[in-house]
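In numbering that gives the first Met the number 0, the protein residues as written are 0 to 247.
C-beta: ideal position from N, C-alpha, C; glycine also.
Predicted, not measured: the structure shown is a model, and the values here were computed from it.
Step one of this worksheet: look at the structure below.
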Amino acid sequence: MSHTDEAEAQALERAGELAGVLDSVVVPSACLVEWLPERLSFLLARENFSQFLGALRARLDITAGNLARALFEEAMRWSWVDEDVETRRTAFLGEAAQRYRQVDEAVRELGIEPDDYYGPLVEDVLRAAEGAARFPRQIEGQLDWAPDDLRAMLYTQYRLFSQYTHSSILAIASSAQQHDGQLVVGRLPQVARLTVLRNAVSNMAVIVDGCKRGLHVPWGRQPPLHFRVMGYALEVAELVQPFAPATE
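Written out as structure tokens, the structure is:
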């Protein structure tokens, strides 16, 4: 096994340990309306992270990249919210309500009942979204908190991950291989896989930090949850950085 393969295996193992930590978190339902952004965002991110790891282990790299992009976007939202938490945290609810209105308007024109597609918590979200803040429409606006060099790096990663989210010939061309006279789907270049893995773990740390107030995780004998998750993020970054320096 090469040094790069060994680093990838170790980083994936640490990411799996992180998934175990996240799975152990009980998301309370008490006082739910007060903490809807934090609790629903955490649930979504935990689900995406779990599926991300499953896809990567199954060698479904483009699917993994797609899920990593979702984690990236959620982390950038929380980074923007962190600049003014009390005012901005409701933007998650405002965005959900806006998407609901768009669907509602479109499907009712077709004679379809939109609520058939939604679960019971949606009503709570819509009620709580009254007067909610709004996210900047463009990703650049969500990065205005960052210094120029960091903002440039984050935006570059955002563009890089776009190829996995959109049906992109660029992404499939990076994983397609010729085998016995056929084109088959193989793996993305290892640097790309390491970049995606490092970003997914680090963005999970940002999301947990943003959601921590609503989770009410007891400290016990362990460090706070967001400290533990950040520890995994730092360890994974240290493992992959020599082989994927663009992740620094």
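Inter-residue spacing [alpha-carbon to alpha-carbon] between residue i and residue j
i: Glu94; j: Arg38; result: 16 Å
i: Phe226; j: Val24; result: 14 Å
i: Val195; j: Ser173; result: 14 Å
i: Ala29; j: Leu120; result: 14 Å
i: Gln240; j: Pro113; result: 46 Å
i: Asp208; j: Pro27; result: 17 Å
i: Arg87; j: His2; result: 44 Å
Contact set for residue i: own chain, Cβ-Cβ below 7 Å, skip 5 residues either direction
i: Thr62; result: Ala54
i: Arg58; result: Arg186
Contacts around residue i, its chain only, beta-carbon distance under 8 Å, and the 5 residues preceding and following it disregarded
i: Ala175; result: Leu182, Val183, Val184 and Gly185
i: Pro250; result: The structure shown does not extend to residue 250, since the chain is modelled only from 0 to 247, so the question has no answer here.
i: Phe51; result: Ala63, Leu66, Ala67, Leu70 and Ala199
Close beta carbons around residue i, own chain, < 6 Å, minus the five adjacent residues each side
i: Leu238; result: Ala6, Gln9 and Ala10
i: Cys210; result: Glu37, Ser40 and Phe41
i: Ala96; result: Leu125 and Ala128
i: Ile138; result: Tyr157
i: Val106; result: Pro113
Residue interval of the alpha helix (DSSP H) (run including residue i)
i: Gln162; result: Asp147 to Thr164
i: Gly97; result: One point to set straight first is that residue 97 is Gln, not Gly, in the sequence displayed. From DSSP, the alpha helix (DSSP H) with Gln97 extends over Ala90 to Arg107.
Distance CB(residue i)-CB(residue j) smaller than 8 Å
i: Ile206; j: Glu82; result: no
i: Val190; j: Ala243; result: yes
i: Arg150; j: Leu142; result: yes
Extent of the continuous beta strand (DSSP E) run through residue i
i: Gln137; result: Taken as a continuous stretch (DSSP letters only), Gln137 belongs to no beta strand (DSSP E), as it is neither H nor E.
Closer than 8 Å to chain B by CB, residue i
i: Pro119; result: In the structure shown, chain B cannot be found, because there is only a single protein chain.
Count the CB pairs spanning the segment 179-188 and the segment 225-240 that are closer than 8 Å, and state whether there are at least three.
In short, these stretches do not touch, since the Cβ pair count stays below three.
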